[in-house]
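Okay, structure first, notes after.
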Amino acid sequence: MIRIGIDIGGTGVQIGAVDESNQIIAQSSIPTRTDLPFEAQVDQMVDCIHGLLNPDLNPALTLDQVASIGAGVPGLATADGIVINCTNLGWHHVPLRDKFRSKIDKPFFVDNDANVAALAESVAGVSAGTTSSVFVTLGTGIGSGIIINGKIWNGFHGIGGELGHMILKSGGEPCSCGNRGCVERYCSATAIIRMAREQVEMHPESQILSMVQGDASKINAKVIFDAKRSGDPVAEYVFRDYVTYLAQTLASVTNFLDPEIIILGGGVSKAGTLLLDAVREEFPKYVLFKELSMPRIEIATLSSEAGIIGAAMLS
Ligand SMILES: [Zn+2]
279 MIRIGIDIGG TGVQIGAVDE SNQIIAQSSI PTRTDLPFEA QVDQMVDCIH
329 GLLNPDLNPA LTLDQVASIG AGVPGLATAD GIVINCTNLG WHHVPLRDKF
379 RSKIDKPFFV DNDANVAALA ESVAGVSAGT TSSVFVTLGT GIGSGIIING
429 KIWNGFHGIG GELGHMILKS GGEPCSCGNR GCVERYCSAT AIIRMAREQV
479 EMHPESQILS MVQGDASKIN AKVIFDAKRS GDPVAEYVFR DYVTYLAQTL
529 ASVTNFLDPE IIILGGGVSK AGTLLLDAVR EEFPKYVLFK ELSMPRIEIA
579 TLSSEAGIIG AAMLS
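If you read the sequence shown in the working numbering, its first letter stands for residue 279, the second for the next number, and so on.
Written out as structure tokens, the structure is:
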């Protein structure tokens, strides 16, 4: 049997057929058409799945062989397959499962993309073999997923695991959610950029500015990590601040959930050992039970395929 995984993103939809050993055996993609109504977007995904099923390429690629279909969405979804909110797709309270099942009558599951990535890592990635893990994506925003005994824990209403909107600093930076001081405002790539822009305004001599030809709007997280590597003191200051916020957040996760492993994904995690070494050093300061072994902190090992594999594993 095969499972179909659909990774629905803001710019593209990746669709793959995954075999029983969690390998993608066929894959295709279509652009995200936010200009189309929801129903037409689903029709395109259904067409893409039919295009993928080609027994001439692999005898397993038939509709009969499809055990289930799963989708990861950049937003909130309920256990009964309704996408409550997917801002960058223009979806609000859309019946994704029922719409799909009216086209292809197979079990259909949908979950948040960070939960899906967390599940993928726990089966085929860095947290494989663990019984509890927390996955945190450090991107434009913050996503997170909790896996307990091989299952996504997303709470009573299916909306749990939103680490990005825990308040880290009372009265802090305003957040898109309407609150202030959320983790997302201090631990995302967007946060690094904001902190760097504030600093270069006060320290225009910083190497950061020359790296972006004097245009502060071109600063991104990679520029800050590169400037830190070459010893720029302003970049070092921003990096330290960022690592402290992230370490405090991950320590709160540990104090609250005591997971076996915490996985960092998303664009910021591409900083690799530079980030990992600093976070591993800082984080135990804020963990309550220091005499016990600390949870492992690792960088995600699955890349873009995590969205397809994790979605296919939904059940
Ligand atoms: Zn928030």
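Ideal Cβ placement from N, Cα and C applies to all residues, glycine included.
On a predicted model such as this, the values are computed, not experimentally measured, just so you know.
Going down the chain, each residue whose beta-carbon is closer than 6 Å to a heavy atom of ligand 1 shows up: 443, 453, 455, 457, 460, 462.
With contacts defined by Cβ atoms closer than 9 Å, residue 303 and residue 280 form a contacting pair.
Residue ranges of uninterrupted alpha helix (DSSP H) with 4 or more members, entirely inside the stretch 339-407 and ordered along the chain, are 374-379, 391-402. Judged by DSSP in its simplified three-state form, residue 451 adopts coil rather than helix or strand. Secondary structure remark: continuous beta strand (DSSP E) runs of at least 3 residues inside the stretch 512-567, in chain order: 539-543. Within its own chain, the residues whose Cβ lies closer than 8 Å to the Cβ of residue 440, once the five positions on either side in sequence are excluded, are 422, listed in chain order. Using a C-beta cut-off of 8 Å, the stretch 358-367 makes no contact with the stretch 527-540, since fewer than three inter-stretch Cβ pairs fall below that distance.
In this structure, residue 324 places its C-beta atom within 9 Å of the C-beta atom of residue 382. Burial state of residue 462 is buried, judged by a 10 Å Cβ sphere holding 16 or more other Cβ atoms. Separation of the CB atoms of residue 524 and residue 465 is rounded to 5 Å, and the pair is thereby assigned contact status at 8 Å. If you draw a straight line from the Cα of residue 376 to the Cα of residue 397, it is about 23 Å long. For residue 410, the enclosing beta strand (DSSP E) has its first and last residue at 410-416.
Annotated three-state conformation of residue 285 is strand, per DSSP.
DSSP, reduced to helix, strand and coil, places residue 588 within a helical segment of the structure shown.
For residue 506, the number of other beta carbons within 10 angstroms of its own is at least 16, and it is reported as buried. C-alpha of residue 494 to C-alpha of residue 340: approximately 52 Å in a straight line. CA-to-CA, the gap between residue 364 and residue 289 works out to about 13 Å.
Contact annotation, residue 560 with residue 522: C-beta distance approximately 6 Å; criterion of less than 8 Å satisfied.
For residue 378 against residue 347, the beta-carbon gap comes to about 6 Å, under 8 Å, which counts as contact. With a threshold of 16 other beta carbon atoms within 10 Å, residue 491 falls short and is exposed. DSSP places residue 322 inside the alpha helix (DSSP H), whose first and last residues are 316-330. Distance from the CA of residue 577 to the CA of residue 342, rounded to the nearest whole angstrom, comes to 37 Å. Just so you know, the alpha carbons of residue 555 and residue 313 end up roughly 43 Å apart.
Counting C-beta pairs with one atom in each stretch, the stretch 395-409 and the stretch 364-374 have fewer than three that are closer than 8 Å, which means they do not touch.
If you ignore the 5 residues before and after residue 395, its C-beta comes within less than 8 Å of the C-beta of 350, 413, 415, 421, 423, 543, 578, 580, 584, 585, 588, all in its own chain and listed in chain order.
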